[in-house]
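Counting with my numbering, you get residues 7 to 503 for the letters of the sequence shown. Step one of this worksheet: look at the structure below.
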Amino acid sequence: MRDLYLAIDVGTGSLRAALVERRGTILAMSSREHEQIVPQFGWSEQRPADWWAGTVEAIRDVLTRVENAPARVSAICACGQMHGTVLIDADGQLTRETVPLWNDKRTLADVGDFAARHAPGEYLARTANPPSPAWPAFKLRWLAAHDPAAMAATRTVLMPKDWINFKLTGVRAQDRTEGSMSFLMDAATRDWSGELLTLAGISRDLLPPLRDPVEVLGGLTPQAAARLGLAEGLPVLVGGGDYPVALLGSGVMAPGMASDVTGTSTIVTLLHDAPVIDPEVSNVATVEGNWGSLTLLDAGGDAMRWARRAFHENRRSYAEIADAARHALPGSGKLFFLPYLSGERFGEYRNSRAQFFGLTAAHGLPELHRAVLEGVAFSVRLRLGALQAQGRRPERFVAASGGAKSDLWLRIKASMYRVPYLVPRELECGVIGAAAMMAVAVGDAPDLAEAVRRMVVFDREILPEPEWADCYDRMMPIYEKLYAAAQPFYAELDALI
Numbered sequence: 007m008r009d010l011y012l013a014i015d016v017g018t019g020s021l022r023a024a025l026v027e028r029r030g031t032i033l034a035m036s037s038r039e040h041e042q043i044v045p046q047f048g049w050s051e052q053r054p055a056d057w058w059a060g061t062v063e064a065i066r067d068v069l070t071r072v073e074n075a076p077a078r079v080s081a082i083c084a085c086g087q088m089h090g091t092v093l094i095d096a097d098g099q100l101t102r103e104t105v106p107l108w109n110d111k112r113t114l115a116d117v118g119d120f121a122a123r124h125a126p127g128e129y130l131a132r133t134a135n136p137p138s139p140a141w142p143a144f145k146l147r148w149l150a151a152h153d154p155a156a157m158a159a160t161r162t163v164l165m166p167k168d169w170i171n172f173k174l175t176g177v178r179a180q181d182r183t184e185g186s187m188s189f190l191m192d193a194a195t196r197d198w199s200g201e202l203l204t205l206a207g208i209s210r211d212l213l214p215p216l217r218d219p220v221e222v223l224g225g226l227t228p229q230a231a232a233r234l235g236l237a238e239g240l241p242v243l244v245g246g247g248d249y250p251v252a253l254l255g256s257g258v259m260a261p262g263m264a265s266d267v268t269g270t271s272t273i274v275t276l277l278h279d280a281p282v283i284d285p286e287v288s289n290v291a292t293v294e295g296n297w298g299s300l301t302l303l304d305a306g307g308d309a310m311r312w313a314r315r316a317f318h319e320n321r322r323s324y325a326e327i328a329d330a331a332r333h334a335l336p337g338s339g340k341l342f343f344l345p346y347l348s349g350e351r352f353g354e355y356r357n358s359r360a361q362f363f364g365l366t367a368a369h370g371l372p373e374l375h376r377a378v379l380e381g382v383a384f385s386v387r388l389r390l391g392a393l394q395a396q397g398r399r400p401e402r403f404v405a406a407s408g409g410a411k412s413d414l415w416l417r418i419k420a421s422m423y424r425v426p427y428l429v430p431r432e433l434e435c436g437v438i439g440a441a442a443m444m445a446v447a448v449g450d451a452p453d454l455a456e457a458v459r460r461m462v463v464f465d466r467e468i469l470p471e472p473e474w475a476d477c478y479d480r481m482m483p484i485y486e487k488l489y490a491a492a493q494p495f496y497a498e499l500d501a502l503i
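Right under this line is the structure:
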């Protein structure tokens, strides 16, 4: 009986494979870490060959952890980090060893130049997104200028999970969740836009067909089947970007719902039936066909990771750090943290820096750690109003990914936004979202709504603390002034030798 779904998650830190049963229980998971290469400040790369090697190893391992698993897998679905621009030639070989990732900011100058030469009216209604270094359109422009040999040899541009899909099936495609944040897809038609391609100076021939995430892309090739120990012809779905698939797997799939996914980055999203067209708002097409209007902080969970490394040389666990932060009062003793450790992906100031403000001799590690947690929430609150179409506040946030494991951080956020948080029983929301998609694709569920109803269960609710909320309301105007006052110094910092 084929009663298992095989999910693949191409993450920034690792490649993970999971076996999920029909009710959404993860039976086994295996992961393989891969290196993030930082040749210089603002650059971030990985090797697609490492993703594929990790896929093979993780799948072979996870299949050993559940009885008779190879004969029980009914489908495969990958989700993955978005925007990483993979180049392959006519034979399917990589034309570059490394790929610029979602958090790579080498295109800042080109994005600034584009924004200076083109008014939002020329592109915003089509892209539903402001220009950003994250988008593949700008990565491709940079590659054309700085690695013309690789671009000349390239036949197809793929995203990270599409590269894995190609290795599994031999089929070249992208999905519409990824396309919606490429700066090359028309938000109205959900297909590649000739006008945007012309504006970006990119050939349509480089882009594969856009397909819906729940479609079956193709069957597992004999070569891939032999390497993985699975049946030839096993259906492989088109899949989607890790974030929209995680939205689905957290139960956020109807307008009015909101999501907070804090992993390496923090992404806060409000769902609508159409994109919010605003120069400060980004939008992603969701798996089920809605739009998520979002704000993003590149160093969300990474801020906590930085604090662990900088203050403790990684010798203390995240749980110990959170326990220390609990001993600080709300507001961290009037200590502010601006969490822009990796700059900003959206907005005017992409070269922002992180900083503490208000340090005194009375502050210790508890206040420093709590200020980091609060600083991430202040940063999100700064952008939250623009996401609320017609000013509608979300009724609930759903927390997902690693940040959902910290009750203190969730209570800080609930109080900061004055909105309760729901926490799913299963925090591996990308895996659950992929499983829900496979359930529909193989006929185990009639539609995504029913698949999600079966698989997503909420474990607990975190309510705002009124006294904390009042404290954050008093501090927010100061945070806004600090943010604005710091901006003129960043260009001077960049100019220092």
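We put the beta carbon where it would ideally sit given N, CA and C, even for glycine.
Discussion item. Considering only the alpha carbon of each residue, which of 93, 454 and 486 lies closest to residue 142?
Written reply: Your numbering for residue 142 matches position 136 in the sequence shown. Comparing Cα-Cα distances from residue 142 to each of 93, 454 and 486, the minimum goes to 93.
inquiry  = Assess contact between the stretch 128-137 and the stretch 185-201, defined as three or more Cβ pairs (one per stretch) separated by less than 8 Å. Is contact present?
reply    = yes
Under the rule that 16 or more other beta-carbon atoms within 10 Å means buried, what is residue 483, buried or exposed?
For the purposes of this step, residue 483 is identified with residue 477 of the sequence shown, where counting begins at 1. Counting Cβ neighbours within 10 Å, residue 483 comes out exposed, since fewer than 16 surround it.
For residue 82, the three-state DSSP class (helix, strand or coil): On the sequence shown, residue 82 is found 76 positions in, with the first residue counted as 1. In the three-state reduction of the DSSP assignment, residue 82 falls in the strand class.
Buried or exposed for residue 87, going by 16 or more other Cβ atoms inside 10 Å? Here residue 87 corresponds to residue number 81 of the sequence shown, with the count starting at 1. Flag for residue 87 reads buried.
Margin query: Taking the straight line between their C-alpha atoms, what separation do you get for residue 403 and residue 45?
Written below: Taking the sequence shown and counting its residues from 1, the one referred to as residue 403 is at position 397. Taking the sequence shown and counting its residues from 1, the one referred to as residue 45 is at position 39. One C-alpha to the other measures close to 37 Å.
Less than 7 Å between the beta carbons of residue 84 and residue 167, yes or no? Along the sequence shown, one-based indexing puts residue 84 at 78. Along the sequence shown, one-based indexing puts residue 167 at 161. A contact, by the Cβ cut-off of 7 Å.
Fill in: Enclosing beta strand (DSSP E) for residue 290 [first to last residue]
As a working mapping, residue 290 is identified with position 284 in the sequence shown. Element bounds for residue 290: 288-291.
- From the DSSP output, in three-state form, read off residue 116 for me. Translated into positions along the sequence shown, residue 116 becomes position 110. Correct three-state label for residue 116: helix.
**Q.** Cα-Cα separation, residue 152 to residue 225
**A.** In the sequence shown, the residue the question calls residue 152 occupies position 146. In the sequence shown, the residue the question calls residue 225 occupies position 219. Looking at the two C-alpha atoms, the distance is approximately 37 Å.
Reference residue 460; option with closest CA among 89, 64, 194 and 256: To locate residue 460, count along the sequence shown from 1; it is residue 454. Of the listed residues, the one whose Cα sits closest to residue 460 is 256.
Checklist entry - So what's residue 348 in DSSP terms, helix, strand or just coil? => result Against the sequence shown, residue 348 aligns to sequence position 342. If DSSP states are grouped into helix, strand and coil, residue 348 belongs with coil.
Subject >> Straight-line gap, residue 164 to residue 409 (C-alpha atoms, nearest Å) >> reply: Here the question's residue 164 lines up with position 158 in the sequence shown. Here the question's residue 409 lines up with position 403 in the sequence shown. Their Cα atoms are separated by approximately 29 Å.
Query raised in the report: If you drop the 5 nearest sequence neighbours on each side, which residues of the same chain put their C-beta closer than 6 Å to that of residue 470?
Result: Counting from 1 along the sequence shown, the entry for residue 470 is found at position 464. 420, 421 and 424, listed in sequence order.
Could you give the DSSP three-state label for residue 278: helix, strand or coil? By one-based count along the sequence shown, residue 278 stands at place 272. In this structure, residue 278 counts as strand in the three-state DSSP scheme.
Practice task
Note down, in chain order, each residue of its chain lying with its Cβ closer than 7 Å to the Cβ of residue 42, except the 5 sequence neighbours on either side.
Solution key: What you label residue 42 is simply residue 36 of the sequence shown in a count that begins at 1. Answer for residue 42: 18, 50 and 52, listed in chain order.
*residue 442: buried (16+ other C-beta within 10 angstroms of its C-beta) or exposed?*
Reading the sequence shown from its first residue, position 436 is the one you call residue 442. Buried is the call here.
query: Do residue 345 and residue 236 have their C-beta atoms closer together than 7 Å?
result: What you label residue 345 is simply residue 339 of the sequence shown in a count that begins at 1. What you label residue 236 is simply residue 230 of the sequence shown in a count that begins at 1. The answer is no: Cβ separation not under 7 Å.
Next on the checklist: Here's a check: name, in chain order, each residue in its chain whose Cβ is nearer than 8 Å to the Cβ of residue 492, leaving out the five neighbours to either side.
Outcome noted: The residue you call residue 492 lines up with position 486 of the sequence shown. For residue 492, where only same-chain residues beyond five positions count, the Cβ hits under 8 Å are 344, 358, 359 and 361.
**Asked** From 20, 30 and 370, pick the residue whose C-alpha is nearest to that of residue 440; which is it?
**Response** Start at 1 with the first residue of the sequence shown, and residue 440 comes out as number 434. Among 20, 30 and 370, the Cα nearest to that of residue 440 belongs to 30.
| request: Kindly indicate which three-state DSSP category residue 186 falls into: helix, strand or coil? | output: As a first step, residue 186 is located in the sequence shown; it is residue number 180 there, counting from the start. Coil at residue 186, not helix or strand.
### Query
Mapping DSSP to helix, strand and coil, what is residue 464?
What you label residue 464 is simply residue 458 of the sequence shown in a count that begins at 1. Three-state result, residue 464: strand.
| task | Tell me whether residue 348 is buried or exposed, calling it buried when 16 or more other Cβ atoms sit within 10 Å of its Cβ. | result | Counting from 1 along the sequence shown, the entry for residue 348 is found at position 342. With 16 or more other Cβ atoms within 10 Å, it is buried.
query = Whose C-alpha, out of 246, 205, 217 and 241, is nearest the C-alpha of residue 174?
reply = Your numbering for residue 174 matches position 168 in the sequence shown. Cα-wise, what sits closest to residue 174 is 241.
- Query: Taking all protein chains shown into account, do 16 or more other C-beta atoms lie within 10 angstroms of the C-beta of residue 332, making it buried, or fewer, making it exposed?
  - Reply: To locate residue 332, count along the sequence shown from 1; it is residue 326. Counting Cβ neighbours within 10 Å, residue 332 comes out exposed, since fewer than 16 surround it.
Query raised in the report: Can you tell me whether residue 195 is buried or exposed, with buried defined as 16 or more other CB within 10 angstroms of its CB?
Result: Within the sequence shown, the letter at position 189 stands for residue 195. Residue 195 should be labelled exposed.
- DSSP on residue 438, reduced to helix/strand/coil? Translated into positions along the sequence shown, residue 438 becomes position 432. Residue state, collapsed to three classes: helix.
- Query: Using a Cβ-Cβ cut-off of 6 Å (strictly less than) and excluding sequence neighbours within five positions of residue 445, which residues of its own chain qualify?
  - Reply: In the sequence shown, counting from the first residue as 1, residue 445 sits at position 439. Correct list, in chain order: 451 and 457.
TODO: Entirely within the stretch 304-351 and at least 3 residues each: give me those beta strand (DSSP E) ranges in chain order.
DONE: As far as the stretch 304-351 is concerned, its whole beta strand (DSSP E) runs of at least 3 residues are 342-344.
TODO: Keeping to the same chain, check which residues put their C-beta closer than 8 Å to that of residue 394; ignore five residues upstream and five downstream.
DONE: For the purposes of this step, residue 394 is taken as the residue at position 388 of the sequence shown. Once the five neighbours on either side are set aside, the close Cβ partners of residue 394 are 276 and 400.
Residue from 26, 56 and 9 with nearest C-alpha to residue 39: Position 33 of the sequence shown, counted from the first residue, corresponds to residue 39. Of the listed residues, the one whose Cα sits closest to residue 39 is 56.
N-terminal and C-terminal residue of the alpha helix (DSSP H) that residue 495 is part of: Position 489 of the sequence shown holds residue 495. Start and end: 472-501.
### Message
Comparing C-alpha positions only, which one of 101, 149 and 89 sits nearest to residue 116?
### Response
Stepping through the sequence shown from its first residue, residue 116 is reached at position 110. Checking every option, the nearest Cα to that of residue 116 belongs to 149.
- [ ] Please state whether DSSP places residue 166 in a helix, a strand or coil.
- [x] Residue numbering aside, residue 166 sits at position 160 when the sequence shown is read from its first letter. Residue state, collapsed to three classes: helix.
- Message: Give me the residue from 146, 96 and 123 with the minimum Cα distance to residue 111.
- Response: Working through the sequence shown from its first residue, we reach residue 111 at position 105. Minimum Cα distance to residue 111 is reached at 146.
Please return the same chain residues whose Cβ sits closer than 6 Å to the Cβ of residue 312, not counting the five positions on each side in sequence. By 1-based counting over the sequence shown, the position of residue 312 is 306. A distance below 6 Å between beta-carbons, with the five flanking residues on each side excluded, links residue 312 to the following residues of its chain, in chain order: 347.
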